[in-house]
Structure formats: structure tokens, C-alpha cells
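Enquirer:
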Amino acid sequence: MSDAMLYALAGAMLAGCGTYGLLTAGGALGRILGFNILGGGVFLIFGAVARRGAGAGLAADPVPQALVITGIVVAFCATALAVALLLRLKAADGAGEEEP
Amino acid sequence: MSALLVLALTVPLLGLVPLLLAGPRVGERAALAVLAIGAGLCVAVGVAVALSGRALQYFVAGLAPPLGIGLRADGFSAAMMGMSALVLALTAFYAMRAPGAGAPRMPPAFFMLLLALASALNLAFLAQDLFTLYVALELLTFAAVPLVCLDGKPGQLRAAMTYLMFALFGSVLYLLGVVLVYGQFGTLDFARLSAALALAPPGWSFGAALALMSAGLMAKAALFPLHLWLPPAHAGAPPAASAVLSAVVIKAPLFLLVRLWADLAPVPMAQAAAPVLAICGAGAILVCGVVALAQVRLKLLIAYSTAAQIGYLGLMFPLAAGADAYWSALAWTGGTLHLVSHAFSKAAMFMAAGLIAEVFGHDRLAGLKGAARVAPLSIAAFGIGGLSLLGLPPSGGFTAKVMLLTSALQQGAWWIGVVVLAGGLLAGGYVLRLLVLALQRPEDGTLPAARECGWRAGIALALAFGAVALGFLPLAPLGFLSIGRPIAWEGLAP
Amino acid sequence: MSLVFDALAGLLVAGAALAAVTAAAPRAAVIAFMGYGVLLGLAWARLAAPDVALTEIAIGSGISGIVLLRAAAGLPAVPPAANRALAAAISVAVALGLAALVLALPEPAPSRAADAAAALPATGLGNPVTGVLLAFRALDTLLEKIVLLLALVGVWALARDPLWRGRPEPLFAGAAPAPSAFLARVLVPIGVLVGAYLLWAGADAPGGAFQSGATLAAMGLLALMAGLAPLPRADDRRLRLVLLAGPFGLLAAGFLGWATAGAFLAFPPGFEKPVIKIVEIAITASIALTLILVVLGPPAGEERP
Amino acid sequence: MSGFLTTPPLPISVAPEALLLLAIAAPLALALAMLAPGLRRLVPRLLILAPLPALVAAVAVPRGMSVLVAPYPFRFTLALDGSGALLLGGAALLWMAAGAYACAYMRKDPARGAFATWWALTMAGSFAVFLVADVASFYLAYALVSFSAFGLVTHDDTPEARRAGNLYLALTVLGEAFLIAAFVMLASGTSEANPLIRDAVAALPTSPFRSAIVLLLLAGFTLKMGLFPLHVWMPLAHAVAPVPGSAALSGVVVKAGVIGLLRFLPDGVALPGWGEALTAVGIFTAFYGVALGVTQTHPKRALAYSTVSQMGVVGAVIGAALASGLPGAFPIAAFYAVNHMLLKGAMFLVAGLAMASAPARARQAALIAGVLGLSLAGLPFTGGALAKYAIKIVVPDGIAGFLLTLSAVGSALLMARYAVLVTASGKERQTPPGGILLPALALAALALAVPFALFAPVTGLPLAAAFSGDALAKGVWPVALGLALAGLLAWRRWPLPEVPAGDILHAMGPLAALWRHTLDLAVAADARLRRWPVAATALIALAALLAVVAR
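Residue numbers (my numbering), protein chains in the order written: chain A, 16 to 115; chain B, 217 to 710; chain C, 6 to 310; chain D, 22 to 572.
1. If you draw a straight line from the C-alpha of P74(D) to the C-alpha of A507(D), how long is it?
2. Does P252(C) come within less than 8 Å of chain A when only Cβ atoms are used?
3. Indicate whether at least one CB of chain D lies closer than 8 Å to the CB of T94(A).
4. Starting from S604(B), find everything on chain D with Cβ-Cβ shorter than 7 Å and list it in chain order.
5. Note the first and the last residue of the continuous beta strand (DSSP E) segment covering F199(D).
6. Taking Cβ positions, are L255(C) and P273(C) nearer each other than 8 Å?
7. Since T558(D) meets chain A, which of its residues come closer than 9 Å, beta carbon to beta carbon?
8. So that I know if they touch, is there some Cβ in chain D lying closer than 8 Å to that of S430(B)?
9. Of all the CB atoms in chain A, is at least one closer than 8 Å to the CB of P554(D)?
10. Would you call the CB atoms of G65(C) and F358(B) closer than 8 Å?
11. Please report the straight-line C-alpha distance between G322(B) and P362(B), rounded to a whole angstrom.
12. Name the chain C residues whose beta carbon is nearer than 7 Å to that of D76(A)?
13. Are the stretch 89–102 of chain A and the stretch 370–386 of chain B in contact at 8 Å, needing three or more beta carbon pairs?
14. Which partner residues does Q451(D) have in the DSSP bridge list?
15. Check the Cβ of I151(C) against every Cβ in chain A and list those closer than 7 Å, keeping chain order.
16. Quick check: is the beta carbon of I561(D) nearer than 8 Å to any beta carbon in chain C?
17. When burial is assigned at 16 or more other CB atoms within 10 Å of the CB, is E197(D) buried or exposed?
18. Which residues, in order along the stretch 267–297 of chain C, keep a beta-carbon less than 9 Å from a beta-carbon of chain B?
19. On a Cα-Cα basis, can you pick out the residue from V274(D), V166(D), P348(D), A39(D) that is closest to V359(D)?
20. Could you give the DSSP three-state label for R513(B): helix, strand or coil?
21. At a cut of 8 Å, does the stretch 53–67 of chain A reach the stretch 391–404 of chain B through at least three beta carbon pairs?
22. Taking V205(D) as the query, report the chain G residues whose CB atoms sit under 7 Å from its CB, ordered along the chain.
23. Can you list, in chain order, the residues of its chain with a C-beta nearer than 6 Å to that of G456(D)? Leave out the 5 residues immediately preceding and following it.
24. Here's the rule I'm using: 16 or more other beta-carbon atoms within 10 Å means buried, otherwise exposed. How should S544(B) be labelled?
25. Quick one: what's got a C-beta closer than 7 Å to A162(D)'s C-beta in the same chain, skipping five residues either side?
26. Where do the ends of the beta strand (DSSP E) carrying T98(D) lie?
27. Using a Cβ cut-off of 9 Å, which residues of the stretch 269–281 of chain B contact any Cβ in chain C, in chain order?
28. Classify V684(B) as buried or exposed, calling it buried when 16 or more other Cβ atoms lie within 10 Å of its own Cβ.
29. Which residues of the stretch 438–460 of chain B have a Cβ closer than 7 Å to any Cβ of chain A? Give them in chain order.
30. Relative to the C-alpha of P111(C), which candidate in G402(B), Y310(B), V250(B) has its C-alpha closest?
31. Classify E114(A): buried if its beta carbon has 16 or more other beta carbons within 10 angstroms, exposed otherwise.
32. For Q451(D), count the other beta carbons within 10 Å of its own beta carbon; 16 or more makes it buried, fewer makes it exposed. Which is it?
33. Taking 8 Å as the CB-CB cut-off, is F50(A) touching chain C?
34. Enumerated in chain order, which unbroken segments of the alpha helix (DSSP H) with a length of 4 residues or greater are wholly contained in the stretch 409–448 of chain D?
35. For S212(D), count the other beta carbons within 10 Å of its own beta carbon; 16 or more makes it buried, fewer makes it exposed. Which is it?
36. Have a look at L435(D), L190(D), G481(D) and flag the residue whose alpha-carbon is nearest the alpha-carbon of L642(B).
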């Protein structure tokens, strides 16, 4: 068992945690957290894939690592958009805005 | 010629600059111009593909896969690009100076999101790298979600939230599939993967990766039973937004679903998975079709109709993966044609619904009696677009349905034929419901004094006639759609 | 020994994640999530991915944390929507299925490390991850910048109509306490220096535009929270120019490369490094500003100071 | 056989091809003209002339002529054969007379423009179904005539009209589904995607899908003809339309179903089993229509049930031809249909005339109605007797033949009922709109006369054959018996409780409940599936399922 495999398994565990969050969350915030954790698990597995691909003098395959960085940014954008929606919804509900 | 691919991706983005820096008027004009040019570029890609009979390809940064990213337009891509660019450009004109638009926020926001959609769609149709496609899908989602809640009503915000969260769930599953593919093959390029798969039959883990990607795409396309977000989102959005969301946005994940199973997956694997996709499609057609009949609001009816109509693509998979080359190709053409003609019909129908709602101030079906008197062009656009959904000739919907039926029949898939026919019956129910009401005599004093906006109804009508025009295609596999299949890079050792 | 450490780290991350998804109170869940982010950064460092580790800590934990904390403020605890036992069973099945999938990954692992190492010298860069991001897969990076810009457009589109041009709400209600203002005065310059270093070093060592931009954004947010700078207006022309500089700078460089090197997003031969450097600076500025604005949320009116 | 079926009475040499196209294009052009505000006022008058090219085509275009209007891949082809010419000519006459009638009848109707549009579209569709020779165009023409007729049914926009219209539309969509399935299977027997009907039908007897095709064709076309149990829409729809609309619906639109059977079933080839089944359904319908028709208290509903009954006869004739494989039988069925077309059209116009007149005038109209009715029942020396005689060629003596003869008793009874209802339909102090009398009389005269001109060319027998003593005897007794029965019933003050129009529809309560249940079930299932935890679980389950099957 290599360190990469250990972290891949940790990634699988994170994905399970994230799935649990996405399934059980009663509100949007819980789902956002679940999505982030599930995503984190997927990224971690990708990181393990990168580590397994070490070679040619590099400690890891740089391609998956770069993809993970892009993925983290995209996930952050998703989080920010979801939170903005959440806050707007909270304000709308709080202000008693209703459908016409 | 290949330069067209890069331009199709980047030109729509250029429109963002004036929208962010200049005044709303200039920005809006620039956006319209850019979308019109974008449509021209997409049509040019189609012409170039048709004339050369080969796929156009481009390596970004001059670097071939596996390290670099390739763009490639085959016949299928080009058809989808042309369709989506036309719908987007016409939608932009439709949305121009729409009354009641929440100035000063909505027009620039709408056009920025529309431009991003244009670019993201082209990327989804062109990119040959699974991860780049992930970014394209995310870009698409982030442009689509704010469109849903552009009016800012609580119901729309809730719909947008559900849409965003479910789409994100789908994205993560898609990405998980991508990760597993990279872990197994060390490349994410379609052509490279095809070559690798041809060398050695893949194991179960490749099937799992495909399954994860497909489930994610189905969530983003709202294919039954994953359609929870579609009806409220598409029904709640402003009409112009609904038109693009229903007509083109969900087509990108569907397109990729076809790519994965028809172009990438080895045939035995595709054959094994196809029934599952077909059952989802049948569920969509039957359940969402029946639920559409129960709707009391026009836009919800149209939204459920979208959820039902995408089911036809699901039905295509077992037929297109069949053993006989001709009948498979016929089903493939039928499925693709359905994607395209549904886009034209649905855009026309949502635009018409928007104009009708503008005239009446609501979209409750029971209150739309006599609508043909105050919004004749809109009703005509809805009706003509709807005829295609019903499968009446001449229309793209008719041709597509006949192709699917013929293929189902020839391959002995009776149940698919029955579902196709039942779908037509249900479509008849929900399309004719409005038409019948619109032709009735209104109760005294219920007819509004306002009249429809003629030129915007004209745009809807033009789109509806687009769906009709597709009915003049021959009832045979379309050569154009098979240009560039199977996927391979020319001039590159496998 | 190191395997034990790795196993422990993995379990810790998973534990923090579990705490985040099971916590009843939103605030507690977010704090657990931030802890999870830091631990995940540690895992990335152990996976020989310092660039990812920096990104994860800065964005995945840091700025996401601020955003989520803001969302959690005043949010009531919501009871779970689904049958917990069933959800737990599904989640365990997902984890086990994924574990089986990763264990089935082929040996030896396919890798692009050799290709990347071979192509790297042509770019003049020393950090292979930066090379992938800015040279080999610059298209992804360009699109990622557009995604970021679009997220901001999406956030802004949530403003109420008449307030669309104004300033956002303050991050946290109430005036900043004096100690935090003092802390900010000390921390911000240091943070800016760190950010600048990350950008400079990113070409050859771990670091790069994104990590640097995220650090700068964090400093900017700190300064705003401490009241050191006024909240920016959404319609400020200069601000919008900075927002556009990154994505469209990269796009312009792409076209320049098309003209000089014959391929879109290639870099002018012989001038790879300087062009990449300039683009990186523009990207960093855009990222920092976009992140700040995204975190601040939609414009909320004219009358904010 | 010679004459009308094989050579036109007045052949023309100038562009007969163009005439075929013009027959369809003329009414279509009028429908389009309704879009132009400047032309709109002219259209109703021009509608009288619009059928003229079709009429000329029916009498002057060489039989067997076929025109490829649009080449591959469309293969939009027009062709004229004997049966088509018969129905086309009859339809053109009916459309002209009814058009003139409508022009006067609808003069004060504010929505006459809309009526004119639907009228023109239905007309174009009806001519097209008689003329098109390729499968796809037939489907289009059939859809055009079917859907446009909806506008005629619902023109008055009363609650009954809406209900009838909705039912009509629902069944029309159902019929289209049957037909497209049948056509796709038919086309699969040829090498063409859109074959000529002739080629497709030639491949039918050997098709692997033969049973399915025939079943679907029968379901689709008998739905339009109103054969039991798919007749439910007809009494509702034909009774609620404005009078000229009813005439067109009962006269022409139902014949789209007849031409469908004639075109898509093989003439001269036996389809054992199917022929007998169609005959049985036809004969049952013939009696069923009469039985329900005699209980009606409104002349238009009685006429609608009479159409059901008469189409049953046509169905039985076609069925007998299929059972025996007798060649050349189909034109005889078309001949019978043309006779019915003109008579039924005239009867509706006369009924409308009476309903708009004072009682004295209505009684005069009832006289004409009676003559028309006697012709329909087949009283010797009328046109109807020729039609009845002709079908005996196809349906020989035997059980079926006897039953068909017996159905004439019913027809006579029903026609007597119709005449009585017409008599009673006048109201004091009303005068009919000027200009409706002449078209009604003209059509009545044509209906009585035209069969005499067509009998010999269609049957190949001399006209005198129909006047032999044997034929006369066979023709008289059913009519006499029917009239006697009518007299008996009239003496007992017609002690028949009225069956509501749509009859078995009212027994469909459980079906409606089932549909509502399905609807509720689907809505509930949808609501459940659209809950977040369910959908999220479904997403994971779907991924797992796909992963398992795609090993």
C-alpha cells in the first residue's frame, strides 16, 4: 500500500461523507458543504492518481495537479454563486417578498 | 478553416468587454452584433465541414493531445453549433428592449450571460478533452443559473438554487468519471481514448467511469428521473431565458451523452447500457408528458413538455447501438434531428408564451380563451412549433419520429415504437390544449386591450418555421451528420 | 512510519468532513469545514502537490470559509431531509465502490509526467504545474478565468434592480473592533508581500497566479473588514478594467501567439517567459479583485460609505 | 369497365398535370389570402369557385395520370385514379353547393372570416387526400383535412361544440398515431423512405407486419368513417357544426376514411379474416346507427347517425371485397360513397333550410327531404337504388347480402324519422337567409341525378340492369317495410327514449375515471421524484445501475 493509495482511499471516504451531506441536508448550506466535501474527495483521488504517475524526475504527474487547481477554482465559483443565492433568498424570505 | 473553431469560441467572449465597460445601449448593440457574427461563424463551420467532407480540427497552443487540447468539429458538432448559435442570436433580438425588463440591471446581465452561454455551448460541442468539457459544462451552468432568477422573485430564486445544487452534484459525478478515466488511460482526449480502447477491451472500471459521467450529464440535462429542477427553473425564468434554457442549454449535456455512448464507448458496452438510457427516456416521455397535461400554467406546461421531449434521445440509444449499420444510422439521424428541431420548436413556444403572458398579464391556461384574437402570431408560432412536437408533417419532429419508428420497427424494438407513438399522443394533448383555448370565444370583458408585439412574435414564428423547414430533409441517414466519425485526429499517429 | 502518519491524516480529514456534514448548527458545520480544508491542504502537501496545497488552503478553506461563514450567520439549523440510516448506507456504498475503483487502477500508472517534463523547457518555466496551466492547457485556464468572471456577473445579477450599480453590503454587520483594525494594518502589508512572492516564485517554484491572487484577495478582504478601505462600487470603470485584465490579457496573448507562433494560445517564440509573466500579473490582479467582489456579494445600494 | 373510371368524359389536352395541382392549390391560396387584409373580404365569395379546378380535374384529367410535383427526396406525387376521380368530383360539387349555401348562411356571422379559413383548408385537405399518391403526402393531406375540420366543428363555440371539438381532436390525434405506425411499417416493405402508396400496398400481402398494418389501418380509417365503436365523436361533432359545415363534414370529411381504406388495402387481393371482420363491423354499425338514429329528436343528429349507418355499409362492402379478393370492387364502394356524399350534403342543407324557415316552408322542405331520404334508402328509380344495386355485385346474396338489404329497412325508417323532424323544425315568424334555397335545391337535384350518370361506367352494366323486375322487387320491399315501421311508430307517438348523442361515450365513465387516476398518479409520482433526497438518491442509483450494466 503506497501513500498515494492511502490518500485515494481517504478521497473515497470524503466522497462518502459528501454524499451523506448532499442526501441528508435539509437546507442549501448543508448541500453546499456536502458538494464541497464530495468535490474535495474527487480532487484527492485525482491527487493520488497524480502521485502514482510520478516519473521523469517529477514527484507527481503535473497534469492532474493543474487540473485540480482549475477544479478548485471552479468549485469555489460554484460555492460563491450558491451562497449569494442563499443570502438573496434569505433576504427575500425575510422581507416577506412573495410571488405576485 | 480551422481558425473558425477558435473564433467560434472566443468571439462571443469579446462582447463581454463593451457590456462591462460601456453604457447599456452600446453594450447591448455590441452583444447583438457579436452573437450575429457568432452565428455566422457557426454556420461557416457547418459549411466548411460539409464542403470538405471532413472534420475540422485545431490544436490549441499548437500542442497535440495528449498534452495539449484539441478542438474538433465533425458533422454532429457543426449541426449543434449552427442550431444553438441561431437560436441564441434570434433570442437576443427577441430580448432586445423587452418591456418590463428590470432596468438597469437586467439587460446587461442578460446579455453577458447569453454571451457566456454562446461560448460555453460552442466549447461543449468542440472540445475533445473530457476535462475541458467539464469546464465548459460548469461555464454553461454558471451562465444558466442566474438566467433563471433574473427577475429576482423568491420562487425563481428557489428554482435557481435547486438547479445549481443538482447541477453541481452532477458535475462532481462527471468529474469523478473523468478522474477515473485519467487514472486508467493517462489521457482525456476522445481520439486517444478511442484508440486505446480499440487496442484492448476496457475493464469494468471504464464502464463505471462512463456511468458516473453519464449520470452527471443526465442530471444536467434533467433526463427523467433527474428532472426535479427543470420545470420550476424553465417555467420561472424570463421568456427569453426560458427559450435558450429549454432549447439549447440542456442540449449540451445531451450532446455529450451521445458522444460518450455513440462515439467513445465500445459497442458491447454501449449496447449493455442503452436499455437503461432508453427506460429513462420512456419514463420522461410518459410521466412528464402526462404531468404536462395536468398543468394549469402555460409556461409550466411547456417546461414539462421539454422534460418529456428529451426522452426521445434516450430512446435513440438502443436503436443507434443496433447491429445493422443502416438502421442504427437512421436512428442516430432521427435522434440528432430531434435534438435540433426540438430546439427550434421549444424556443418558438417559450417566446410565444412570453408574448402571450405579456398581453394577458398572466399565463394561466384557463384565462387564455380567445388568445388568438389578441396574439395571433404568437399562437401561430406556438402552434407551428407544437406541430413538430406532435410529429405532424412537414416538420423536423415528424421526420425524426418516422426515423426512430422505422428503426425501432426494423430492429424489433416494439416497445420503443409504442412509446414514440404514445409520446406523440401526449404531445398532441398538451399542444392542442392551448390552441383550442386560443380559438375559443373569450368571455365578455376578459380579453385584454393590449396586443402582442408583432416583430418579436415574428422572431418566434421564424424559429417555428425553422422546425418546419427541417421536415424537408430526406427520410434517410444524413451524410452530413456522419462526417468525421469515428473520432480520430488526422495527421497524428495514434 | 510515514504510512501511519498518512493514514492518520486521511482519517483526520475524513473525520473533519464527517463533522461538517453531521453538525446540526450551520456555524459549527462551517467551522468544521474550514478545519477540513486545512487538513486537506496537509494531505496535498504529502501528495507532492504544494501548488494544490496552497490553493486548497487559500481558496478551498480560507476564502470559501469566509463566504460560508457569512452564509451561516443567522441561519437556523434545519432538520435532515432524508432518512439518515438509508443515506448513511448509500454513502458507505459510495465510499466502498469508489475504494474498489481506485484499488483497480492499473499498475504501472499511466502518466504524462514524461511528456510534461520534455515540453517544459520550451516554455522557459521551471514549475511543471504552472507550465501545464499557462502553456499546455492554457485554454482551460482562460475558461477558468471566464468562469470566475461569470460567477461575479451571476452574483451581481442577484442585486435588486435599482441597486445594481452600488456598493455591496459590509461583510459582517457592525463596525470593526479596534484590535482587528490594528491586526489588519500589520497583516495586510505582510500578506501582500507573501502574495507578490508567490507570483514571482510561481514560474519555477510552487506558487503562481492563483495562489498569489487568493492571498492578495484575503488581504484585501481583511482591509475592507477593518475599514481600511471603502467598499468598491460595482460600476467603477477602473475596477472593471482590472476585472477584465486577466481573462482578456490571456486572450490577447493567445491572439498574439496566433500571430507570431502560428497557434492560438501559443506564446511568441523566444519571449515565452516575459509574456507569461505579464499575463500572470494581469491574471493575479483580476483574480484578487474578482475574489474580493464575489465574496462581498451583490451591490446593495448607493448609500454605503 | 369503361367510361368514367378509365377515361374522362371530357378529356382536355392542355396541362392536365397542372390541373391536379391547381385543384389543391386553389383552396389553399384562398386560405392564405385570408392573411392579407385587402383580400379578406373577397374570400368567402371565391370559396364557391375554389372547387372548380377539382371538378374539372375529375371530369377531364386522364385516369392514371400522375405528376411528380416535388422530386426526391420528397416524392410529392399526385395521381388520379377511378375511385379518386369519383370522390373528387362528388366532393367538388358538394363543396361548391355548400360554399354558396355558407356564403349566404353565414353572412351575418362576425366570425365568418375564421370559418372561411377553416373551410378552405378543409377543402384543400379533402381534395388532397383524393389525389396524393405517396405515403407521406397522404399523411399530411389526411392531417390537414382532419385538423382543419376541427374549426368547422367548433365554429359556434357553444359548450356542446367545445366538448364535441375536444373529443374530435383527441380521437383525431389517436387516429394519426395509428396511421403513422401503419405507414412506417408499410414503407419498410419497400426500398423507398417515402414510397408511392401503390408500391407500398403491393408489398403489404407479403409484409412480415401484415396483421399489425391492417389492424392499424382499419383502426385509423374507420375512426374517421365513424364505424362502431370509434363513431362516438361523429353524432356530437356533426350535430354542433353550422349547417354547411355539417354538410361538408358528413359528406366529404368522412370520405377521407373511405379513400384511405381504398388506397391502402389491396384491391383484388384477399385478406382472409380481415375482410370478414370488417364486414361484420360494418354491418353491425349499419344497424347500430339506425337504431340510435331513430331515437333522436333533432334532424341533424338523426342525419349524423345515418352517416354512421351508411359508412357501416361502405365498410361492409370494402370488407366483402377483401374477403373475396374480387378485383375492381373498390370503385363500387367509392360509387356508393359518392352517392351518400351528395345525398347527405343535400339533406343537411335542406334541414338547415327548414330550421331557418317558417313552419309552412319547413313542410315544403320536408318534401324534398323525403325524396332524398327515399333515395338514400334505395327506392327503385332513385340514384340511391343504383348504388344499392351496385354493391350487390360485391356483396352477393348470403348472410351479409341479406343483412345489408335488411339495413335498407332501417335506412328507410331513419329517413322517415328525418323527414318528420324536418317537418317539425320550422319556427313561426322567421325567414331563411336569402340565397340558401338555391344551393340546397341544386345539390338535392345533383344528388338524385349524378348516380344515373355514373352507374354504367362504374359497374360496367347497362343502366337497364338496375330496372329489371327482380331488382325492382328487391329494392321496393325494404323501403316499404321501413316506411311501414315508421308509420307504426308514428302512430304510437314514437315511443322511443332519446339516446344521448355520443351513446357509448356515456358508458365510458370508468375509462375517464381511470384516466383521471393515471393523471393523479403521474402528478403524485412526479412530485415525489422531484423531492431533493429522492432525486439525489436516484442520481446515485442511476450511476450505480449504469456502472453495473456497462461492465
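Note that the Cβ used here is the ideal one computed from N, Cα and C, for glycine as well.
Expert: For this structure:
1. Position 53 of the fourth sequence, counting from 1, holds the residue named residue 74(D). Position 486 of the fourth sequence, counting from 1, holds the residue named residue 507(D). For P74(D) and A507(D), the distance between alpha carbons rounds to 43 Å.
2. As a first step, residue 252(C) must be located in the third sequence, where it is residue number 247. Output row for P252(C): interface = no.
3. Here residue 94(A) is taken as the residue at index 79 of the first sequence, counted from 1. Output row for T94(A): interface = no.
4. Sequence index remark: in the second sequence, residue 604(B) carries index 388 (1-based). The premise fails here: S604(B) is roughly 13 Å from chain D at the closest Cβ pair, so nothing lies under 7 Å.
5. The residue labelled residue 199(D) in the question sits at position 178 within the fourth sequence. Looking at the DSSP string, F199(D) is not in any beta strand (DSSP E); the run it does join, the alpha helix (DSSP H), is 180–208.
6. The residue given as residue 255(C) occupies position 250 in the third sequence. The residue given as residue 273(C) occupies position 268 in the third sequence. In this structure, P273(C) does not lie closer than 8 Å to L255(C) by Cβ.
7. The residue labelled residue 558(D) in the question sits at position 537 within the fourth sequence. By Cβ distance, chain A contributes L38.
8. Locating residue 430(B) in the second sequence gives position 214, where the first residue counts as 1. Yes - at least one Cβ of chain D is within 8 Å of the one on S430(B).
9. Working through the fourth sequence from its first residue, we reach residue 554(D) at position 533. Output row for P554(D): interface = yes.
10. Counted from its first residue, the third sequence places residue 65(C) at position 60. Counted from its first residue, the second sequence places residue 358(B) at position 142. Not a contact, by the Cβ cut-off of 8 Å.
11. Locating residue 322(B) in the second sequence gives position 106, counting from the first residue. Locating residue 362(B) in the second sequence gives position 146, counting from the first residue. It should be noted that the sequence gives Met, not Gly, for residue 322(B). So the two alpha carbons sit approximately 11 Å from each other.
12. As a position in the first sequence, residue 76(A) is number 61, starting the count at 1. Correct list: S116, R117, A118.
13. yes
14. In the fourth sequence, counting from the first residue as 1, residue 451(D) sits at position 430. Bridge partners of Q451(D): none, in fact.
15. Along the third sequence, read from residue 1 onward, the residue named residue 151(C) stands at position 146. Neighbours of I151(C) on chain A: none; closest Cβ ~10 Å, over 7 Å.
16. As a working note, residue 561(D) is residue 540 in the fourth sequence. For I561(D), the answer is yes, since a Cβ of chain C falls inside 8 Å of its Cβ.
17. Working through the fourth sequence from its first residue, we reach residue 197(D) at position 176. E197(D) is buried by the Cβ-count criterion.
18. G267, A268, F269, L270, A271, F272
19. Within the fourth sequence, residue 359(D) is the residue found at index 338, counting from 1. The shortest C-alpha separation from V359(D) is found at V274(D).
20. By one-based count along the second sequence, residue 513(B) stands at place 297. Of the three classes helix, strand and coil, the one that applies to R513(B) here is strand, per DSSP.
21. yes
22. As a matter of chain content, chain G is missing from the structure shown, whose protein chains are A, B, C and D.
23. As a working mapping, residue 456(D) is identified with position 435 in the fourth sequence. Contacts found: A125.
24. For the purposes of this step, residue 544(B) is taken as the residue at position 328 of the second sequence. By the neighbour-count rule (16 or more Cβ atoms within 10 Å), S544(B) is buried.
25. Along the fourth sequence, read from residue 1 onward, the residue named residue 162(D) stands at position 141. The residues are G146, A149, V150, V153.
26. Counted from its first residue, the fourth sequence places residue 98(D) at position 77. Note, T98(D): beta strand (DSSP E), 97–100.
27. Y274, F275, V276, A277, G278, L279
28. One-based indexing of the second sequence puts residue 684(B) at position 468. V684(B) comes out buried.
29. none
30. Looking up residue 111(C) in the third sequence gives position 106. Closest by alpha carbon: G402(B).
31. Taking the first residue of the first sequence as position 1, residue 114(A) is located at position 99. Confidence in E114(A) is poor, its pLDDT being 35 and thus under 50, which makes the residue's placement unreliable; the coordinate value appears in the next sentence. Label assigned to E114(A): exposed.
32. Walking along the fourth sequence from the start, residue 451(D) turns up at place 430. Classification for Q451(D): exposed.
33. Here residue 50(A) refers to the residue found at position 35 when the first sequence is read from its first residue. No, no contact with chain C.
34. 420–444
35. Taking the fourth sequence and counting its residues from 1, one reaches residue 212(D) at position 191. S212(D) should be labelled exposed.
36. Counted from its first residue, the second sequence places residue 642(B) at position 426. Of the listed residues, the one whose Cα sits closest to L642(B) is L190(D).
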